[in-house]
Amino acid sequence: MKLYNSIGMNPQAVRVFIAEKGLTIPMSTIDLPGMENRREPYLSKVNPAGQSPALELDDGSVITEVTAICEYLEDMHPKPALIGSNAKEKAEARMWIRRIDLNILEPMANGFRYGDAADFFKPRMRIIPQAADDLKKLTQERLTWLDGLMAGRQWVCGSRFTLADIMLACWVNLFKDRGQPLNPANRNVNAIIERTAARPSMKA
Ligand SMILES: N[C@@H](CCC(=O)N[C@@H](CS)C(=O)NCC(=O)O)C(=O)O
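And the structure:
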């Protein structure tokens, strides 16, 4: 097994997940700024979407997408459970991961790609510069929405630390210093992110 790794919050989330599981997986770091991920042989051998991370299995097949990679690792190494140890727990974590990913993480990343980092991303993907500010505003509205739902919770899934916490913290911590600062009014969400950031795995 081998993880194609790079800079960025997507591979970071998988590295943190691996560290929380106590696993050791060999990594091959791709030159993302040099666009190794956007040309051959990466596109046909690893990920036709031209992104990282990617997990190559021992039979040569490749799994991409953070959530699919983490689901695979959870199935192969169920303990400690970072998605869930029964159907209800898994459904709950998947619900929050999807809500957070679609409503917060994707607009947050695209606000950065279309705005602050447009020059870096222009040769990689379609950039919509006029959408950047609205995407950032949308992200903030949804973070405030999430904050209201997180009252009294230690983690996104209550007392269970999950992939939802890992993804939320990896994204928000990266972009808070890149044009999308934390809203101090979001005390519940900020506390969850702070608790997650304090875990040793976050250094992975
Ligand atoms: N939906 C994908 C997103 C992957 C992604 O956007 N990765 C970034 C790194 S954080 C990337 O490869 N960016 C470089 C590029 O797009 O050229 C996933 O879940 O893995």
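First residue of the sequence shown: 1, per our numbering; consecutive thereafter. Beta carbons: idealized from backbone N, C-alpha and C, even for Gly.
L105 CB to nearest heavy atom of ligand 1 below 7 Å: no
Take the Cβ of Q130 as the centre, count every other Cβ of all protein chains shown within 10 Å, and call the residue buried at 16 or more, exposed below. exposed
Beta-carbon proximity list for M1, same chain, < 8 Å, skipping 5 on both sides: For M1, where only same-chain residues beyond five positions count, the Cβ hits under 8 Å are I25, P26, L55, E56, L57 and D58.
Across the region 111 to 122 and the region 161 to 169, are there enough close Cβ pairs to call them in contact, namely three or more that are closer than 8 Å? The region 111 to 122, when compared against the region 161 to 169, does not touch it at the 8 Å Cβ threshold.
Output yes or no for whether 8 Å exceeds the beta carbon distance between D116 and R38. no
Can you tell me whether T196 is buried or exposed? The criterion is at least 16 other CB atoms within 10 Å of its CB, across all chains shown. Classification of T196: buried, given that the 10 Å Cβ count is 16 or more.
Which residue from V156, I100, H77 and E141 puts its Cα closest to that of E89? V156
Residues sharing a beta bridge with N5, DSSP: T29
Closest to G34 by C-alpha separation, out of G50, V172, N86 and G22, would be which residue? G50
Am I right that S201 and A19 are in contact with their C-beta atoms under 8 Å? What's the rounded C-beta distance? Contact between S201 and A19 holds, with the beta-carbon distance rounding to 4 Å and staying under 8 Å.
W145 to N188, Cα distance in whole Å? 11 Å
Return the Cβ separation of R142 and N103 in integer angstroms, given the expectation that the two are a contact with Cβ distance under 8 Å. 4 Å
Using a Cβ-Cβ cut-off of 7 Å (strictly less than) and excluding sequence neighbours within five positions of N173, which residues of its own chain qualify? I193 and A197
Go ahead and label K203 buried or exposed: buried means 16 or more other beta carbons lie within 10 angstroms of its beta carbon, across all protein chains shown. exposed
Kindly list the residues whose CB is nearer than 6 Å to the CB of L169, restricted to its own chain and excluding five residues on each side of it in sequence; keep chain order. Before going further, note that residue 169 is Ala rather than Leu in the sequence given. Closer than 6 Å at Cβ, skipping near neighbours: I193, T196 and A197.
Are there any heavy atoms of ligand 1 lying less than 7 Å away from the beta-carbon of G50, as far as the coordinates show? yes
So what does DSSP say about A54, is it helix, strand or coil? In the structure shown, the three-state DSSP call for A54 is strand.
Can you find the residues in the same chain that come closer than 7 Å, C-beta to C-beta, to L105, ignoring five residues on each side of it along the sequence? M167 and W171
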